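Which chain is which? The protein sequence lines are A and B, in order.
Numbering of the first sequence is given in our numbering, commencing with residue 135 and proceeding in unit increments.
Numbering of the second sequence is given in our numbering, commencing with residue 135 and proceeding in unit increments.
The structure under discussion appears below in the form of structure tokens.
Number of protein chains: 2
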Amino acid sequence: MAQTKIPAESGTVFSTTLSRLRKEILTGAIGPGEKLRLDQLRITYDVSFSPLREAISRLVSEGLVLQAGDQRGFQVAPVSADNLREVTLLRKSLEVIALQRSIQHGDDAWETGVVSSMHHLSKFKSRNPAKMDNIDEVWENWHRKFHTALIGACRLPVLLQFCDTLYDLSDRYRRNFIQFRHVPRDVQSEHSAIAEAALNRNAELACRLMEEHIELTATMILAVLPTELR
Amino acid sequence: MAQTKIPAESGTVFSTTLSRLRKEILTGAIGPGEKLRLDQLRITYDVSFSPLREAISRLVSEGLVLQAGDQRGFQVAPVSADNLREVTLLRKSLEVIALQRSIQHGDDAWETGVVSSMHHLSKFKSRNPAKMDNIDEVWENWHRKFHTALIGACRLPVLLQFCDTLYDLSDRYRRNFIQFRHVPRDVQSEHSAIAEAALNRNAELACRLMEEHIELTATMILAVLPTELR
DNA sequence: TATTATAATATTATCGATAATAAGTAGGGC
DNA sequence: GCCCTACTTATTATCGATAATATTATAATA
């Protein structure tokens, strides 16, 4: 009884391949513009063409991969200042809509989610003061969870999908280029300020802070983007 | 032209299957909520699993198809008033951004595209006065081209992709439910008003008219949506 | 009859192989 | 030496078959 089928975290070959590919692209393990050699990927991932192509197909509609042309395979989307500016503009526009509605509709579960992810983010910081380099998978996970939690109560699933996609697109820039940053920054206080405003149901303030937060990250990345990409 | 989605209309089995499937879903030939039986589709389309699944996978990220769950196949996304309201909200928000920038950056080619598609739309009307039922593929094509042309000069390819997706999502409602409309409406003048404002570089007016245009369509559909979907 | 267990069927997800196409290379004419 | 063409290799797109899983039908038990 109650043999409640646990959705098997393993999942299908397709979904694990999708996650793996996405992660490798976001982290830069497969670099911008790089060609995706199907046969090689098929071997290294130990999967067959079908789920591999299906995964790539998803990444194409996410914008992380481009179709080079008929019969010409795929390549990781190149990076450029223009692209980063666009993604930033869209993230600001859309996350603000989502945040505003989320603050409006958020219930207890929403508050809990915000507080919880916020807590984990700060705990991580104090625990690993030396590792406050953003390049850290645990922090990355909580950072994403935090942003997701904030807008999660907006009741607009399509919008959430868009925000998720845009997060990925901008995340790649941060993960690949933030290591070269020179200006120090207290991301932690930015986050807690946003969370506080949201929990106080101060939509206007929360949205403004969120826009600034997104914009600031982009500005810092743009400042260190290799010149040939501008 | 901002040809964001279809790689090559002739091209691969995959792309033709994708177009075909999308069209059948948009027109309602495969109805909302309907299960996609892979084996049956494979036979009727005379293709094998690989390109079929790849096509379906794209439609999943577009939001027209849902993954029912691991090993449980796919189904056409159901329709609902909430979903239509969301899609409408997002279309208004995003197309306005795109239109504003398009008006700002539009060059000669852009003007030509707007005038041309506008012309085709009106020509169609006068040619087939009896057929001014929106359910007509030729008109549908020009209608889409018109909307695409208007925002095509915004220089924000990701945004254009989103708009394209949202157009599809709302298009399905129009194609499936507009036949039951009761209030007559002069869509033609709405279109020409938008085009005129855009070509006059009156961004504010054009955007306002565009919002009203999108909203009006949604309102009319909502008015005739079967009650069980509200 | 209702309920569970078991078998039969249907459907999906994945694989390995083949066909189609592009990219690369060497040879021949100018 | 350079360009064009035929040929070889590399890579992709597609297929048909198989394995994994879900769904339905049937039987057995209480």
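Even for Gly, the Cβ is constructed at its ideal location relative to N, Cα and C.
Keep in mind it's a predicted model, so treat the numbers as computed, not measured.
- Excluding five sequence positions before and after B:CYS341, the CB atoms of its chain that fall closer than 8 Å to its own CB belong to VAL230, LEU233, GLN234, given in chain order.
- It is roughly 12 Å from the alpha-carbon of A:ARG306 to the alpha-carbon of A:GLY197.
- Residue-level contact by beta carbon fails for B:GLU229 and chain A, as no gap is shorter than 7 Å.
- Nearest CB-CB separation between B:SER191 and chain A: below the 7 Å threshold.
- For A:GLN201, the enclosing beta strand (DSSP E) starts and ends at 199 to 201.
- The C-beta distance from A:LEU200 to A:VAL194 rounds to 7 Å, short enough to fall under 8 Å.
- When secondary structure is reduced to three states using DSSP, A:LEU193 falls in the helix class.
- When DSSP states are grouped into helix, strand and coil, A:GLN209 belongs to the strand group.
- Of all alpha-carbon atoms in B:HIS347, B:ASN310, B:HIS239, the one lying nearest the alpha-carbon of B:SER326 is that of B:HIS347.
- The segment 209 to 221 of chain A and the segment 296 to 306 of chain A touch, with three or more beta-carbon pairs separated by less than 8 Å.
- With 16 or more other Cβ atoms from the protein chains shown falling within 10 Å of its own Cβ, B:SER149 counts as buried.
- Per the C-alpha coordinates, the member of A:SER256, A:GLN209, A:LEU155, A:LEU152 positioned closest to A:ASP320 is A:SER256.
- Within a 10 Å sphere around the beta-carbon of A:ARG364 sit fewer than 16 other beta-carbons, which makes this residue exposed.
- Of all residues in the segment 171 to 192 of chain B, only PHE183, SER184, ARG187, GLU188, SER191, ARG192 come within less than 8 Å of chain A when Cβ atoms are compared, listed by chain position.
- Remark: C-beta atoms of A:ILE328 and A:LEU350 do not approach each other more closely than 7 Å.
- Under the Cβ criterion (8 Å, minimum of three pairs), the segment 205 to 216 of chain A counts as touching the segment 151 to 167 of chain A.
- In this structure A:SER251 is in contact with A:PHE280, their Cβ atoms being roughly 4 Å apart against a cut-off of 8 Å.
- When the Cα atoms are used, B:ALA283 and B:ALA332 turn out to be separated by approximately 11 Å.
- By the 16-neighbour rule on beta-carbons within 10 angstroms, A:ARG206 is exposed.
- Shown in chain order are the members of the segment 144 to 167 of chain A whose Cβ falls below 7 Å from a Cβ of chain B: GLY145, THR146.
- A check of alpha carbon separations from A:TRP273 across A:LEU294, A:ASP173, A:GLN322, A:ALA352 identifies A:GLN322 as the nearest.
- Taking C-beta separations shorter than 7 Å and ignoring five residues to either side along the sequence, the partners of B:LYS169 in its chain run GLY207, GLN209, following chain order.
- For B:THR282, the enclosing alpha helix (DSSP H) covers residues 271 to 285.
- Assigned with DSSP and collapsed to three states, B:LEU290 falls in coil, not helix or strand.
- A residue is called buried when at least 16 other Cβ atoms come within 10 angstroms of its Cβ; B:ASP298 meets this threshold and is buried.
- A Cβ-Cβ separation of about 6 Å places B:ASP204 in contact with A:GLY145 under the 8 Å criterion.
- Beta-bridge annotation (DSSP): A:LYS169 is paired with A:GLN209.
- At the C-beta level, A:GLU188 and B:GLU188 come within 7 Å of one another.
- Distance from the Cα of B:ALA357 is smallest, within the candidate group B:ARG308, B:ALA337, B:ARG335, B:GLU330, for B:ARG308.
- Ranked by Cα distance from A:LYS226, the first of A:ARG335, A:LEU293, A:GLU362 is A:LEU293.
- Residue environment for B:ARG192: buried (at least 16 other C-beta atoms within 10 angstroms of its C-beta).
- Residues are counted here when their Cβ sits less than 7 Å from a Cβ of chain A; for the segment 220 to 250 of chain B these are GLU220, VAL221, LEU224, SER227, ILE231, given in chain order.
- In this structure, the straight-line span from the alpha carbon of B:LEU160 to that of B:PHE311 is close to 11 Å.
- When secondary structure is reduced to three states using DSSP, A:ALA163 falls in the coil class, being assigned neither helix nor strand.
- Remark: C-beta atoms of A:HIS254 and A:ALA287 do not approach each other more closely than 7 Å.
- The beta carbons of B:THR222 and B:ALA352 sit closer together than 7 Å.
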